[in-house]
Amino acid sequence: MKSEAGRESLRRNLWRGVAVILGVGAALYVLSIYSVATDSDHRSQTGNVVGVDYSTFHAGATMLRYRDADQLYDLEAMTDLLQEVRRGPVGLEPTYLNPPAFAMVLTPFAPLRYEVGLALWTTLGIVAFFFGLRSIGTTRPAFVLGAVLVSVPGFLGVTLGQGQFFWAALYAGVLSRLRAGQATQAGLLAAVLILKPQLLAPIVLWWLIDWRRHHRSLVTVAVAASAISLAPAVLFPGSYSGYLSMLKAASDAFPLNGIPMGVTLRDTVDAFTGGSSVWSGAIVLGGVAVFAIVLVRGVRSEWGTDVMFIVATVGGLLVIPHLVMYDWVVLVPVGIVFAQHIPARSVALPMIIVGLLYTLLFQAAFGIASFERFGSSIQIAALVLVSSAVFGVRQILQEPTSAHMS
0 MKSEAGRESL
10 RRNLWRGVAV
20 ILGVGAALYV
30 LSIYSVATDS
40 DHRSQTGNVV
50 GVDYSTFHAG
60 ATMLRYRDAD
70 QLYDLEAMTD
80 LLQEVRRGPV
90 GLEPTYLNPP
100 AFAMVLTPFA
110 PLRYEVGLAL
120 WTTLGIVAFF
130 FGLRSIGTTR
140 PAFVLGAVLV
150 SVPGFLGVTL
160 GQGQFFWAAL
170 YAGVLSRLRA
180 GQATQAGLLA
190 AVLILKPQLL
200 APIVLWWLID
210 WRRHHRSLVT
220 VAVAASAISL
230 APAVLFPGSY
240 SGYLSMLKAA
250 SDAFPLNGIP
260 MGVTLRDTVD
270 AFTGGSSVWS
280 GAIVLGGVAV
290 FAIVLVRGVR
300 SEWGTDVMFI
310 VATVGGLLVI
320 PHLVMYDWVV
330 LVPVGIVFAQ
340 HIPARSVALP
350 MIIVGLLYTL
360 LFQAAFGIAS
370 FERFGSSIQI
380 AALVLVSSAV
390 FGVRQILQEP
400 TSAHMS
């Protein structure tokens, strides 16, 4: 009896810990609004605007819409256009890193001021995420949505103008279609992730290894992703000019003092090896190999769709390069699935959420400062995610299935 009381007390305290960090997120929004209200140009001393990442998306869409497709990856041309979009200084470095299809999708936003486009882009992403949460049976989707918005990944994504809500919605949609036995629809939704190819890679690897069950999804995603990728080459000739060169330049220019925003195993290694290409390459290859081995084991052990989805999502976030904190929003569907398979009053879910969110806050707050002081960044997010993933999957495989949902 005392053990049960102690467990319930721990569970409540863990959820209070979640509430505290979400309160920190809400405070960050207040501080951001104050900063904007007291700065008529909406920019920092470095020239960054509100929605700095979206402004590069907007510039890319503008180039395509007004038939400057061959300059999409021209460093000087993009820098000049960004100066107009942001109405301020811009550093001469690779900024637009997405494939041409991403700019093509955003061309309807090009005639708008970037601030208006940012507001529309963010609103559509939040709406899509809400319906994604509903599609996988989230009991209180509006509440979960609000919590995600004030989390560290949510705050970063909103203020930077990233597309993390769209990607999380697509992940949830893929899962819901697989659960419903709609392989073709799952493939079509996954194909849209070609707009951010890193996030498509883990799903494709999962389906390749489990091809007997997912061959229809594989064929669909291959055809649809190819069509999406080829469309800008047909509609906007020259749009791929310089794309591969830009990717290499962007990789070479990846700033060490920005590593705390990264959360992959490669970022962890980079932080402590000075960005060694040898170590970085080894960790990517080794990580992908381990990821594949785990997926193979899952297929042989006949793990269900939900568990394989969790492994593919978390494994991808760990080993695929150039994913950062705001991309962790794709973990939300994982959390919903986890909650649906464990007892309703388990301490496991709040414990994992506390570990992940506080790790991100700690890394963001102190990572850059530690690099400037000691020459290396505090980088523990990937390690915490590994531990959480192993613990979570073991819980699901050992606990009796529950109908309770998040």
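Under numbering that gives the first Met the number 0, the first residue of the sequence shown carries the number 0, and numbering increases by one thereafter.
All C-beta atoms, glycine included, are put in the ideal place defined by N, C-alpha and C.
Please read all numbers here as calculations on a predicted model, not as lab measurements.
Pairing His57 with Val17 gives a Cβ-Cβ distance that is not under 8 Å. Remark: three or more beta-carbon pairs, one from each stretch, lie closer than 8 Å, so the region 156-173 and the region 118-136 are flagged as touching. Secondary structure in the region 176-259: the alpha helix (DSSP H) runs of 4 residues or longer, each lying completely within the stretch, are 182-190, 196-208, 210-234 and 242-251 in chain order.
Sequence-distant partners of Leu284 (beyond 5 residues in either direction) whose C-beta falls short of 7 Å from its own C-beta are missing from its chain. Trp120 and Leu71 have their C-alpha atoms roughly 20 Å apart. Under DSSP, Val323 shares a beta bridge with Gly261. Annotation for Leu63: the continuous alpha helix (DSSP H) segment containing it runs Val51 to Arg64.
Judged by pairs of C-beta atoms under 8 Å, the region 106-120 touches the region 60-67, as three or more such pairs exist.
A straight line joining the alpha-carbon of Ala343 with that of Tyr239 spans about 50 Å. By the neighbour-count definition (other C-beta atoms within 10 Å, threshold 16), Asp209 is a buried residue. For Ala100, same chain residues with a beta-carbon under 8 Å away, outside a window of 5 residues either side, are Ile193, Leu194, Ile227, Ser228, Ala230 and Pro231 in chain order. Across the structure, Gly241 and Pro93 are spaced so that their CA atoms are roughly 12 Å apart. The three-state reading of DSSP puts Arg296 in helix, counting H, G and I together. Setting aside the 5 residues that flank it on each side, Gly237 is surrounded in the same chain by Ala68 and Asp69, each with a C-beta closer than 6 Å to its C-beta; the list follows chain order. Of all C-beta pairs linking the region 382-398 to the region 344-352, three or more are shorter than 8 Å, placing the two stretches in contact.
With 16 or more other Cβ atoms from the protein chains shown falling within 10 Å of its own Cβ, Val151 counts as buried. Judged by DSSP in its simplified three-state form, Gln362 adopts helix. If you look at Asp69, you'll find it isn't in any alpha helix (DSSP H); DSSP assigns it neither H nor E. Contact between Ser216 and Gly172 fails: their C-beta atoms lie close to 13 Å from each other, not under 8 Å. The continuous alpha helix (DSSP H) containing Asp305 extends over residues Thr304 to Val318. Ser300 sits exposed, since fewer than 16 C-beta atoms from the chains shown fall within 10 Å of its C-beta. Assignment of Gln339 by DSSP, reduced to helix, strand and coil, places it in the helix class.
Annotated three-state conformation of Ala100 is helix, per DSSP. Look at Ser134 here: in three-state DSSP terms it is helix.
Excluding five sequence positions before and after Thr358, the CB atoms of its chain that fall closer than 7 Å to its own CB belong to Ile379, Ala380 and Val383, given in chain order.
Fewer than three Cβ pairs drawn from the region 176-195 and the region 142-158 lie within less than 8 Å of each other, which leaves the two stretches out of contact. The distance from the Cβ of Thr312 to that of Leu330 is about 7 Å, consistent with a contact at the 8 Å cut-off. Across the set Ala168, Gly136 and Val29, the C-alpha of Gly136 shows the shortest separation from the C-alpha of Ala338. Gln181 and Pro201 have their C-alpha atoms spaced approximately 19 Å apart.
A straight-line Cα-Cα distance of about 27 Å links Ser2 and Ile20. With contacts defined as CB atoms closer than 8 Å, Phe308 and Val336 qualify as a contacting pair.
Rounded to the nearest whole angstrom, the CA to CA distance from Phe129 to Phe373 is 42 Å.
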